[in-house]
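Just below is one structure, and these are the notes that go with it.
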Amino acid sequence: MPTIDTGPRAIVLLALTGLLVAGCSRRAAAPPPTPIPSASAGPAAVAATSPPPQPPPPAQEPPEQVLRELITRQYEAIYDLGGLPVTVTANGYSGKLLAKIYSARKNRCVQGPPLPPGVFDCSLDLMVTMWWKGRREPSEPGQHAARLKVVQDANGVWLDCMQHQQRDHICQRGRR
Numbered sequence: 036m037p038t039i040d041t042g043p044r045a046i047v048l049l050a051l052t053g054l055l056v057a058g059c060s061r062r063a064a065a066p067p068p069t070p071i072p073s074a075s076a077g078p079a080a081v082a083a084t085s086p087p088p089q090p091p092p093p094a095q096e097p098p099e100q101v102l103r104e105l106i107t108r109q110y111e112a113i114y115d116l117g118g119l120p121v122t123v124t125a126n127g128y129s130g131k132l133l134a135k136i137y138s139a140r141k142n143r144c145v146q147g148p149p150l151p152p153g154v155f156d157c158s159l160d161l162m163v164t165m166w167w168k169g170r171r172e173p174s175e176p177g178q179h180a181a182r183l184k185v186v187q188d189a190n191g192v193w194l195d196c197m198q199h200q201q202r203d204h205i206c207q208r209g210r211r
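Numbered per my numbering, the sequence shown spans residues 36 to 211.
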């Protein structure tokens, strides 16, 4: 059976290995902090480093007509794609679900701390028909609730945040 060397050479080799591992595991030095221009440097230096001013977030909720148009676009996009793929877990039936909006009413809109500035979370009461693709559309619409997150861009156009989920989009960072 081989023996483990515990002599002075093994201890020195172990210490050097530990130093090498510790030296390689250090993180790169942090970049130096960017200097903050002082007021004594002049207003031109302060203005050069500050971001361009953004219009303030809208104080008013989006109008009902705007919400109706945005939710209708969502449902039309699903319809144009051939329906929403659905699987019923109770019996394993798979198919595509189609839906058509008959009316949409704004219930309420909130703007709060969990949302970025200027983003509204709106709830809508819809009257819709839903049916499996390939079957007959029902004659009577039923009630359905929906939610939309919307934001107004710098040009005053209301945007549906479901359509704009990029990380740098106004829906993610808000209006400041």
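Where is the CB? At the ideal position from N, CA and C, for every residue including glycine. Being a predicted model, the structure only gives us computed values, none of them experimental.
Asked                                                                                                                                                  : Found
Between Cys144 and Glu96, is the Cβ-Cβ spacing less than 8 Å?                                                                                          : yes
Using a Cβ distance threshold of 8 Å, determine whether the region 104-119 contacts the region 128-142, with at least three qualifying pairs required. : yes
Can you tell me where the beta strand (DSSP E) with Arg208 in it begins and where it stops?                                                            : Looking at the DSSP string, Arg208 is not in any beta strand (DSSP E); the run it does join, the alpha helix (DSSP H), is 205-208.
Quick one: Cα of Ile113 to Cα of Asp195, how far?                                                                                                      : 15 Å
Just how far apart, CA to CA, sit Pro176 and Tyr110?                                                                                                   : 15 Å
With a threshold of 16 other CB atoms inside 10 Å of the CB of Ala180, please say whether the residue is buried or exposed.                            : exposed
Rank Ser129, Leu150, Gly127, Asp160 by C-alpha distance to the C-alpha of Leu142 and give the top, closest one.                                        : A small fix is needed here, since residue 142 is Asn in this sequence, not Leu. With distances taken between Cα atoms, Asn142 lies closest to Asp160.
At what residue ranges does the region 103-157 contain a whole run of the beta strand (DSSP E), taking only runs of 3 or more?                         : 119-122, 129-145
Is Gln198 helix, strand or coil when you go by DSSP?                                                                                                   : coil
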